[in-house]
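Protein chains in written order, with the working numbering: chain A, 1384 to 1761; chain B, 238 to 592; chain C, 1347 to 1850.
Backbone N, C-alpha and C fix where the C-beta goes; we use that ideal spot for every residue, glycine too.
Contents: one structure, followed by commentary.
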Amino acid sequence: MFEKKNGAALRTREPLTDTQMLMFISIGIFAAMYLAAVLFMGGGFRKPQMFFDLLNDNAALIIISCALTIVMITGGINISVGGVIGLTTMACAIFVNSRSGESGTVSILLTLLLALGIGLGFGVLQGFLVARLEIQPFIVTLAGMFLARGLTTILSLEPVTVSHEGFQALVESRVKIPWLGYVAPNGNLIPAKIEIGAIVAICVVILMALTLHNTRFGRNVYAVGGNPQSALMLGINVKRTVFWAYVISGLLSGLAGFVFLMHKPAGNASVAMRSEMDAIAASIIGGTLLTGGVGNVIGSFFGAMILATIQKIIFLSPLNASWWQDMANGAMLCFFILLQSLILMRRNNSKTAGKLQKNLKIHKADKTTEGKEEKHET
Amino acid sequence: MSKKKNGSSGLGQLLIPLIALGILVLFNLFRDISFFSITMRVNNSGNIVLAGNLISIIDNASELAIIAMGMTLVTAACGGQDISVGAVAAISGAVLVKVLQGMGGITPVSLLLGFLAATLVTILFKLFNGTLVAVFRIQPMIATLILFSCGRSIAYWINGDATPQLYAPIIDSIGKTIPGIPIPTPIFAVLLMGLLLILLFRFTSLRLYTQSVGINQGAARLNGINPTTVKLISFVILGVCVSIAALLGVCRMHQLNHKNLLVDIEMDAILAVAIGGNSLGGGKFKLIGSILGAYIIQMLTTTLYAMNVNPVNIKAYKAIVIILIVVAGSPVIKRGLTALWKKLRTNKAQTEGVN
Amino acid sequence: MEDGIVLTMRGICKAFPGVKALNNVDFTLRKGEIHALMGENGAGKSTLIKVLTGVYEKDAGSICIDGCPGEAHIHSPQQAQEIGISTVYQEITLCPNLTVAENMFIGRGKGAIVHWKEYEKRADEILKSLGIPARANQELSRCSLAVQQMVAIARAVDMNCKVLILDEPTSSLDDNEVARLFQLMRDLKAKGVGIIFVTHFLEQVYQVSDRITVLRNGELVGEYVVEKLPQVELVAKMMGKSLDDLAELERIGQKGAISDNCVYEAAALSSSECRPFDFHIRGGEVNGFTGLLGSGRSESVRAIFGADRVTGGKIRIKGKAARITKPHDAMKNGIGYLPEDRKRDGIIADLSVRDNIILALQVIQGMNHPISRAKAEAFADEYIAALQIKTASQDTPIKSLSGGNQQKVILARWLLTHPQYLILDEPTRGIDVGTKAEIQKLVLKLAEEGMSITFISSEIEEMLRTCSRLIVMRDRKIVGELTGDDLTQAQVMKTIAGGEQTDE
């Protein structure tokens, strides 16, 4: 009765999907938090540079959050990302130092290739084990983490600082935003600066968002996460999709390692320790569900930014201590998890109620159309 | 006939871990037979104790084995893993030490009280995890990520930055050996915990309840089982396991270090559950598999030590062996092997038929 | 290949551990025909379909498709789609987290980029032309089950398939939707599509099919033209025995004495899923809830059992006030409930037949009083024999049993608790004719012994055969109660359709 014309119903806006809903919540909370920091903390938060510093400092985290989001949408998990960052930074630092004195650009490109190669290696191996041999992703990537961490210490126990001049130039290079900045006391405008790594991270987020939303592969990823059996029946190559999700995840981890090295030019066995858990937290805060099928890299980006903002706020507050950081992270995570759980539970409840009502409506609609047909016949 | 079939399918799950253990033993036999030598020696406090790699493997795996048991139950009931056990163990240790300090000395009584208080606190924290999982329907790994990231900070908050040293005969008796008994005490703790759980399964139908909830929660509920209760029970049992492991860990090291107490044990415990052939997706489980898994992991570590591998590099080799074990136990390989086995048998039957 | 034939399957064999699911089965499908594939549960229909769609690999035999030279080798559902075989499965095999349009187009076509606009436009056209009440950009999980099923069919239709397989497509549809589906099938038939129609509903077969192929125990019984195979003979061929069993039942009806005392009474009982209703049942009575799908019949009995959140109402058990808010309460009060969806709510798939049988009794006894192994084995043996459950052993996981036998295990689970009031929600759905008759007989026998039973079935004949009182529901309200001479199909239909006068 209420859906008399299909055409009219078409133009009505669809209600938000779970993915969008959770993403908008995390964007909203990030905005509120940042605004509160600007209003109540003042100081550095009043300068645009603070925002870009958040990006600069957390570029690698943003990239591995994307790496986790894609495997989490398939219903898997990847806890080797932190380990791969550690291995990549160490390997790249040693490699680039071995080429000291040689041409900057070539060395940097080769180093980048090395980083991507390491990530690709891990991605292919883990993808094969998860997709082809059907081993539980948690165990596979846990072994991957052990392997990466172990290989890192085998390469070098001592920290390796990058001494290659070309690379150091890259580390120090910044992109200036001439129209955004703050006015120094002497009246000069000091433009905001972005590191190359941050730009790479943003590109990765945009690229991944487009991939997931607009490519066949991306939609297959969602389908596989939503219901693997159905996906198979719908003619999707589930194994191949899962495999490529892990390959991309590995590749992004390698890239994150390179970006990390651009931010802190030293290889170290304890680099990015436990960052996989931060990335998982960022994905969850951004609205990705571990059960698969729901999630979005834009959300994960804001998830990572929320974590970064908390860190910054605590760093600038009198509570500055690592254990306060942890407590705040834990509390934030708890808040988001509960919020999501409540939203999803409520929506599921209303969904079943809606289902019943729709059923009834369809019955009614059927009857009316049938009645009409009969009249025509008579 | 039916019983025989049951027996073989039960062994099927344990086949891979048993083979893995067998290969490790064989490897060590060929590498250096003295690896298995067990000697009697006098320890620092003048007691005669058993020493040797085998003893140290079984001894050092105790905390892992105990936590793996609890982890198996949580995995079976909730279809997910608790990654906060190490962090909560640190909290448990912190409470224990706080009570000991508060009572002004380490006596059996104060230790017992401290342990009880620590157990209580641990169970409370596990109930927090359990509530998130059972009531709010959050995946266990996500729910426990909260305490994973801030548990050790809570331990720090309880106990301050200090790493208090604990020296007393009773501490030695728990962490090392009881005077007069040459076998390390932690081994008895594993036996005790195993016995407790066996009795629990014998005198309650917890196993049936847990498996039902793990396999089909909705159906279990319609048969009158309260899935929330069953999940909470699994977390409480895990809490007790964690508390015992924390006590052993503290007594073994004679100190509380909230950063290092049972660090990374959650990962090893989950590995132990998986190596033991249990599904990480919940449902049917075998405790003995997980215990076996724990000993395999420890044996691997000890073997690598014995081969003079640098302790910090061990992770890489461990990873390779773990991958080999899980690959051997993977569904695809299993299916392939079953098909191969059947082919061989039919071929054999055919040739016999021809003859 | 002969003219006019789109699909031939010859000598298909497929074995699973311990079972020979298909043994030398032939099947032929012609252009523009609706071909029913019939057989009891475990006859091999699903296996044959899955071999054809590449879900299973066949052990032996050949498949030829019109337009493909030589033998077709189908290794995956994708390959099956490519050579023109589309399938709509009984359980909806779409992705709930994607939109309707995506579900129609995913896994098809070439190119790496998804053209959303184009997809949605085309999807809307198709939905409109088929009269499916869904919007292209709607998330599938927000559609009703029936609409989801129709989306699956729309997808198959749009793929210009040569062979369309409908595996039990009508089991979750109501009569109107079934009629529309049949119209759709006839339209497709006119376009020359060969349709394989798998169903348990005999009447439906005779409404739309041209030919029937019957399987039994994994073997081919024969292929028949519909007009030349009377319904009785079809059943006889499917079961390997005659319909006498059912006929006899029809004559008997319920003969046991119904006591005057109410075993269960509810006043204004309501749950999160159903509106307040009054209900009572006497000792030894068999009553039924009937109504269209979504009329609230299942929701009502779920409320009685406390399966959904109970929101209000007064309950009396044998005259004494009782509180039933969760299944455990109901079980303690001697109520048993066999749920509608066996796979989702009934079986504990990985557990053995024995554990599945003792589960409810164990729960009633409480966690601290485990049933000993010996006792459990005795119980299991007793009921496997009593209900003739076909299982390799009592240690076999229930998931490897056929649907009918799984249902018997669940029935055994409740009989073991000796309930005074047993609720059976669609106990015969998706079950072969033979087991259906067995279950109906059992219901009557139990009632004779004094048990009160509520019986729900989508097949009205079945309810008329077993129930002495029918409660008719529409739009989640009770609109009538039929007893005695009113228990006729016509009267039930009339009450379901036109019970306006009973409304306020």
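Item: Residues of the segment 1433-1446 of chain C whose Cβ lies closer than 8 Å to any Cβ of chain A, in chain order; Value: Thr1433, Tyr1435, Ile1438, Thr1439, Leu1440, Cys1441, Pro1442, Asn1443 and Leu1444
Item: Beta-carbon proximity of C/Leu1684 to C/Ile1769, cut-off 8 Å; Value: yes
Item: Interface flag, A/Ser1724 vs chain B, CB-CB below 8 Å; Value: yes
Item: Contacting residues, own chain, Cβ-Cβ under 8 Å from A/Gly1737 (five flanking each side not counted); Value: Annotation note: pLDDT 39 at A/Gly1737 (below 50); position unreliable, no value reported.
Item: Three-way DSSP call (helix, strand, coil) for B/Asn366 in this model; Value: helix
Item: Chain A within 8 Å of C/Gly1453, Cβ atoms only; Value: yes
Item: Same chain, Cβ closer than 6 Å to C/Phe1625, five either side skipped, listed in chain order; Value: Ala1612
Item: Enclosing alpha helix (DSSP H) for A/Phe1435 [first to last residue]; Value: Pro1431 to Asp1440
Item: Rounded straight-line distance, which links the Cα of B/Ala380 to that of A/Ile1762; Value: Here chain A comprises residues numbered 1384 to 1761, so residue 1762 of chain A is not present and cannot be evaluated.
Item: A/Leu1572 - containing alpha helix (DSSP H), residue span; Value: Run containing A/Leu1572: none in the alpha helix (DSSP H); it sits in the beta strand (DSSP E), Leu1572 to Glu1578.
Item: Cβ neighbour criterion (16 or more within 10 Å) applied to C/Glu1417; Value: exposed
Item: Whole-angstrom distance between A/Phe1505 and A/Leu1497, CA atom to CA atom; Value: 12 Å
Item: Sheet register partners of C/Tyr1767 (DSSP bridge); Value: C/Ile1681 and C/Ser1798
Item: C-beta neighbour in chain B for A/Ala1526, strict 8 Å; Value: yes
Item: CB of B/Phe385 within 8 Å of CB of B/Ile320, strictly; Value: yes
Item: Contact with chain B by A/Arg1532, beta-carbon distance below 8 Å; Value: yes
Item: The segment 339-363 of chain B: positions lying closer than 9 Å to chain A by Cβ; Value: none
Item: Cβ of B/Gly323 within 8 Å of any chain A Cβ; Value: no
Item: Nearest residue (CA-CA) to B/Leu349, options B/Ile411, B/Pro548, B/Ala327 and B/Ile292; Value: B/Ile411
Item: Whether A/Ser1448 touches A/Ala1711 by CB criterion (8 Å); Value: no
Item: Reduced DSSP secondary structure (H/G/I, E/B, other) of C/Ser1408; Value: strand
Item: Assigned secondary structure, C/Val1352 (DSSP; H/G/I helix, E/B strand, else coil); Value: strand
Item: Opposing strand residues paired with C/Ser1616 [DSSP bridges]; Value: C/Gly1658
Item: Given 8 Å, three or more beta-carbon pairs between the segment 500-519 of chain B and the segment 562-569 of chain B; Value: yes
Item: Alpha-carbon to alpha-carbon, C/Gly1826 and C/Gln1425; Value: 52 Å
Item: Closer than 8 Å to chain A by CB, C/Val1460; Value: yes
Item: Beta-bridge partners of C/His1626, as assigned by DSSP; Value: C/Glu1611
Item: Residue environment, A/Ser1700, which counts as buried when at least 16 other CB atoms sit within 10 Å; Value: exposed
Item: Euclidean distance between Cα positions of B/Asp501 and B/Met308; Value: 14 Å
Item: In DSSP terms, what C/Ser1814 is bridged to; Value: In the DSSP output, where bridge partners are listed per residue, C/Ser1814 has none listed.
Item: DSSP state of B/Val500 mapped onto helix, strand, coil; Value: coil
Item: Helix, strand or coil at A/Ala1736 [DSSP, three-state]; Value: Any reading at A/Ala1736 is ruled out, since the residue's pLDDT is 42, under 50, leaving its predicted position unreliable.
Item: 8 Å Cβ cutoff met for C/Gly1400 and C/Pro1423; Value: yes
Item: Simplified DSSP assignment, three categories, for A/Ala1567; Value: coil
Item: Reduced DSSP category for C/Glu1573 - H, G, I as helix; E, B as strand; rest coil; Value: helix
Item: Simplified DSSP state of C/Lys1745, which is helix, strand or coil; Value: helix
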